[in-house]
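Asker: I'd like to ask some things about the structure below.
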Amino acid sequence: MNSKASQTCRSANRRNGGFTLIELMIAAAVLAILAAIALPAYTSYVLRGRISDGQSALAAFSTSLQQYYQDNRTFVGACAGTGIGALPTATTYFTYSCTNLAATTYLATATGQGAAAGFTFTVDQDGNRATTTVPSGWTASATCWVRNSSGSCN
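Counting from 876, one number per residue, gives the positions in the sequence shown under the numbering used here.
As structure tokens, this is what we get:
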């Protein structure tokens, strides 16, 4: 009787000794599925943050150009030098420019580079915003700055 109890005790100890290969494979599969869902969502979240930074700087630049106009009654001469109406400093993800400068018009542009390459946002003297170029898989808008791949706007 002791030998039977001893065998039962040994087999119970073996079952509690660790994970089986099947259990490890199931855990690996669950982790792979979670990573497949989480990584693209995280990447999209980070890109939207970079886009928001570029749009924010472009909006501040537009305000600065309007202030330049109030001081000088023209946009001619804006975007040069430092101070009010000067171009924002290029960042890791966006460069800024202004074109179509005339007495009463301008077009300010933020062009994506690096991880934000493919995006171009514009704003004019009347505050009209447009997303003129986007990477493949994104939807552009002629009337707003897009904030995600579906083309929804700020």
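All C-beta atoms, glycine included, are put in the ideal place defined by N, C-alpha and C.
Would a C-beta distance cut-off of 8 angstroms place residue 903 and residue 985 closer than the cut-off?
Answerer: In this structure, residue 985 does not lie closer than 8 angstroms to residue 903 by Cβ.
Asker: How many angstroms separate the CA atom of residue 996 from the CA atom of residue 1007?
Answerer: Those two C-alpha atoms are separated by around 6 angstroms.
Asker: Taking C-alpha atoms, which residue in 969, 973 and 968 lies nearest to residue 962?
Answerer: Among 969, 973 and 968, the Cα nearest to that of residue 962 is on 973.
Asker: Out of 909, 939 and 1014, point me to the one whose CA is closest to residue 1000's CA.
Answerer: Comparing Cα positions, the closest option is 939.
Asker: Using 8 angstroms as the cut-off, can you tell me whether the stretch 967-982 makes contact with the stretch 942-954, which would need three or more C-beta pairs spanning the two stretches below that distance?
Answerer: In short, these stretches touch, since the Cβ pair count reaches three.
Asker: From 928, 1016 and 1018, pick the residue whose C-alpha is nearest to that of residue 965; which is it?
Answerer: Out of 928, 1016 and 1018, 928 has the C-alpha closest to the C-alpha of residue 965.
Asker: Please state whether DSSP places residue 1001 in a helix, a strand or coil.
Answerer: Note: residue 1001 maps to coil in three-state DSSP.
Asker: Could you pull the DSSP bridge partners for residue 932 from this structure?
Answerer: Paired residue(s): none; residue 932 is not in a bridge.
Asker: Is it buried or exposed for residue 926, if we count other Cβ within 10 angstroms and need 16 for buried?
Answerer: By the neighbour-count rule (16 or more Cβ atoms within 10 Å), residue 926 is buried.
Asker: Would you list the residues sitting across from residue 983 in a DSSP beta bridge?
Answerer: DSSP, once it has assigned bridges, lists 973 and 998 as partnering residue 983.
Asker: As a quick exercise: from 1026, 1018 and 1020, pick the residue whose alpha carbon is nearest that of residue 1011.
Answerer: That would be 1026, whose Cα lies nearest to the Cα of residue 1011.
Asker: Near residue 942, which residues of its chain fall below 8 angstroms by C-beta distance, leaving aside the five closest residues on each side in sequence?
Answerer: Excluding residues within five positions, the ones whose Cβ falls inside 8 angstroms are 959 and 960.
Asker: Which same chain residues, not among the five before or five after residue 1020, have their C-beta less than 6 angstroms away from its C-beta?
Answerer: So the qualifying residues of the chain are 930, 996, 1004, 1006 and 1029.
Asker: State buried or exposed for residue 1074, treating a residue as buried only when at least 16 other CB atoms are found within 10 Å of its CB.
Answerer: As shown, the chain starts at 876 and ends at 1029. That puts residue 1074 outside it, with no answer to give.
Asker: Can you tell me whether residue 1011 is helix, strand or coil according to DSSP?
Answerer: In the structure shown, residue 1011 sits in coil (DSSP, three-state: anything other than H, G, I, E or B).
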